[in-house]
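Chains as they are written, first to last, in the numbering used here: chain D, 202 to 456; chain W, 202 to 456. These notes are about the structure you will find just below.
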């Protein structure tokens with residue numbers, strides 16, 4: 202699965218040697234700097250869960266990973282979170298400069314849609330799902346970086362829902378469309394992924410030490426959302442073992 | 202035609218009153234702050250030129266205008282051209298802050314693809330054409346803002362070709378697809394729009410006073426590219442009068 206994701210990303214990203222090299226290097230740096238590739242894995246596994254082949258969803262999977270990486274590049278910018286390091290390496294702007302990082306992020310978003318449009322089946326639905334998530338992520342981020350950001354539960358849920366869960370929901374829906382799923386399949390996948398995304402974000406904030414919830418409360422929320430995610434899988438006609446593995450693998454993770 | 206464009210943009214842009222209001226206000230500010238709407242006009246007219254209706258291309262037309270406006274928002278940023286005014290009004294970042302302008306631009310790009318995916322006909326091709334242009338625009342911009350930017354003709358042509366012409370080419374191709382055009386129609390539309398875009402950029406740089414060409418040379422280039430654009434129209438099966446009007450209207454313009 203991972204090989205399929207890496208190979209498709211490499212196929213879609215413009216060659217570093219091609220003009221303008223600096224942009225293409227920055228794009229490859231941003232995408233290639235590690236990461237667990239969870240979202241594209243969800244996408245490929247979703248295609249299997251509706252009875253399709255992972256291979257059918259490879260463009261959709263690459264698209265969601267490109268989109269995710271563009272958001273990281275822009276989140277790290279000086280005007281946003283002002284981070285100079287990510288996973289032990291310089292962030293894209295720290296390495297290539299601010300202007301090039303803005304542009305590399307912009308180009309990665311464009312490329313995500315180019316990849317999504319290449320899906321051999323249901324391309325319009327796949328693009329629409331990606332676009333909805335791309336807008337949702339920004340809506341979540343705007344609230345997150347607002348200087349007057351309040352910590353009330355409604356705001357936190359808005360940010361979690363959009364900034365994180367929207368991408369998981371899109372990943373699953375895109376994979377479902379790519380695998381030829383019907384409306385009921387896509388609805389079940391969305392429910393699975395919304396809960397998976399929330400569980401992921403609850404854990405992430407606890408690991409980062411900036412959770413608005415206590416450890417006990419977080420553990421309860423993770424357990425509940427994971428259970429809801431797994432319950433949604435029972436409504437799917439295909440092989441859901443890989444999606445179940447992703448959901449249970451997230452519980453109690455340490456990084 | 203203009204009413205159709207404005208109404209479709211208004212329909213697609215999220216309401217200012219909806220959360221997060223600041224983002225939606227910034228997006229509407231960026232899109233609504235005037236402009237000639239040339240690219241969406243080309244898109245609607247291209248649908249007519251292949252024998253379709255302008256109405257069929259309204260989502261595609263809105264998409265290309267949203268994409269164009271996102272590029273302006275990002276071009277104006279402090280890390281890029283650092284412009285505080287555009288057409289006599291504060292630029293988006295000058296009014297809403299840098300972080301919100303980056304995010305509003307990102308959201309407009311996402312929305313452009315959401316709009317394109319709504320096209321009732323040939324949505325996947327329309328999205329692919331938009332994505333190719335979205336990547337091309339960034340490639341042109343990277344070369345344009347490079348500190349070591351050389352003024353050799355090859356570089357200037359690269360920047361003109363990508364930063365400007367790519368969007369015109371996409372506008373025409375998207376309109377052609379939306380109107381149900383075949384491959385030969387799309388090829389003719391692309392040739393028309395490439396030359397229209399180059400003519401537009403030659404004139405623009407002359408008006409802005411930063412053309413690398415002399416006035417005589419520019420006038421010759423505008424004349425030649427406009428003639429080539431008009432010649433391409435003869436290969437189209439539908440009503441090309443509006444496209445011809447746009448091309449001839451650009452020659453000798455003063456703003």
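By construction, the Cβ of each residue, glycine as well, lies at the ideal position given by its N, Cα and C atoms. Remember, predicted model here, so these are calculated numbers, not experimental data.
Since residue i meets chain D, which of its residues come closer than 9 angstroms, beta carbon to beta carbon?
| i | result |
| --- | --- |
| residue 281/W | 299, 300, 303 and 304 |
| residue 310/W | 307, 310, 311, 314 and 335 |
| residue 275/W | 303, 304 and 307 |
| residue 232/W | The premise fails here: residue 232/W is roughly 14 angstroms from chain D at the closest Cβ pair, so nothing lies under 9 angstroms. |
Hey, quick one: how far does the alpha helix (DSSP H) through residue i stretch, first residue to last?
| i | result |
| --- | --- |
| residue 306/W | 299-318 |
| residue 204/W | 203-213 |
| residue 414/W | That residue, residue 414/W, is in no alpha helix (DSSP H); it is neither H nor E in DSSP. |
| residue 241/W | 239-250 |
| residue 446/D | 442-451 |
| residue 225/W | 222-233 |
| residue 270/D | 259-276 |
| residue 437/W | First-last for residue 437/W: undefined, no H or E at that position. |
| residue 356/W | 354-360 |
| residue 377/D | 367-379 |
| residue 255/D | From DSSP, residue 255/D is part of no alpha helix (DSSP H); its letter is neither H nor E. |
| residue 333/D | 324-346 |
Which residues of chain W have a Cβ atom closer than 8 angstroms to the Cβ of residue i, listed in chain order?
| i | result |
| --- | --- |
| residue 216/D | Chain W residues near residue 216/D: none, gap ~13 angstroms exceeds 8 angstroms. |
| residue 332/D | 311, 312, 314, 315 and 318 |
| residue 324/D | 324, 325 and 328 |
What does DSSP give as the partner residue(s) for residue i in the beta ladder?
| i | result |
| --- | --- |
| residue 287/W | 290/W |
At a CB-CB cut-off below 7 angstroms, which residues of chain W make contact with residue i?
| i | result |
| --- | --- |
| residue 221/D | 340, 343 and 344 |
| residue 278/D | 303 |
| residue 379/D | Result: empty, since nearest Cβ-Cβ is about 13 angstroms, beyond 7 angstroms. |
For residue i, go through chain W and note every residue whose CB falls closer than 9 angstroms to its CB, in chain order.
| i | result |
| --- | --- |
| residue 359/D | 220 and 221 |
By the criterion of Cβ-Cβ separation under 8 angstroms, what are the contact partners of residue i in chain D?
| i | result |
| --- | --- |
| residue 224/W | 339, 340 and 343 |
Are any of the Cβ atoms in chain B nearer than 8 angstroms to that of residue i?
| i | result |
| --- | --- |
| residue 447/D | Among the chains of the structure shown, chain B does not appear; the protein chains present are D and W. |
Open item on the list: Check whether the stretch 239-258 of chain W and the stretch 215-226 of chain W are in contact - that is, three or more C-beta pairs closer than 8 angstroms.
Closed with: With the cut-off at 8 angstroms, the stretch 239-258 of chain W and the stretch 215-226 of chain W do not touch.
Open item on the list: If contact is defined by three or more beta carbon pairs under 8 angstroms, each pair taking one atom from either stretch, is the stretch 397-410 of chain D in contact with the stretch 270-286 of chain D?
Closed with: The stretch 270-286 of chain D is not in contact with the stretch 397-410 of chain D.
TODO: Inspect the CB distances between the stretch 273-291 of chain W and the stretch 296-311 of chain D and report whether three or more fall short of 8 angstroms.
DONE: Yes, the stretch 273-291 of chain W is in contact with the stretch 296-311 of chain D.
Open item on the list: Below 8 angstroms, how does it come out for the stretch 415-424 of chain W and the stretch 283-293 of chain W: are there three or more Cβ pairs, yes or no?
Closed with: No, because fewer than three Cβ pairs between the stretch 415-424 of chain W and the stretch 283-293 of chain W fall closer than 8 angstroms, the two stretches do not touch.
Open item on the list: Counting beta carbon pairs with one atom in the stretch 311-329 of chain D and one in the stretch 207-226 of chain D, are three or more of them shorter than 8 angstroms?
Closed with: The stretch 207-226 of chain D is in contact with the stretch 311-329 of chain D.
Task: Touching by the beta-carbon criterion (3+ pairs, under 8 angstroms), the stretch 258-266 of chain W and the stretch 317-337 of chain W - done: Contact between the stretch 258-266 of chain W and the stretch 317-337 of chain W is present, because at least three Cβ pairs lie under 8 angstroms.
Task: contact_flag[the stretch 367-381 of chain W, the stretch 323-330 of chain W] where n(CB pairs < 8 angstroms) is 3 or more - done: Contact between the stretch 367-381 of chain W and the stretch 323-330 of chain W is present: three or more C-beta pairs spanning the two stretches fall below 8 angstroms.
TODO: Report yes or no: do the stretch 419-426 of chain W and the stretch 421-437 of chain D share at least 3 C-beta pairs separated by less than 8 angstroms?
DONE: With the cut-off at 8 angstroms, the stretch 419-426 of chain W and the stretch 421-437 of chain D do not touch.
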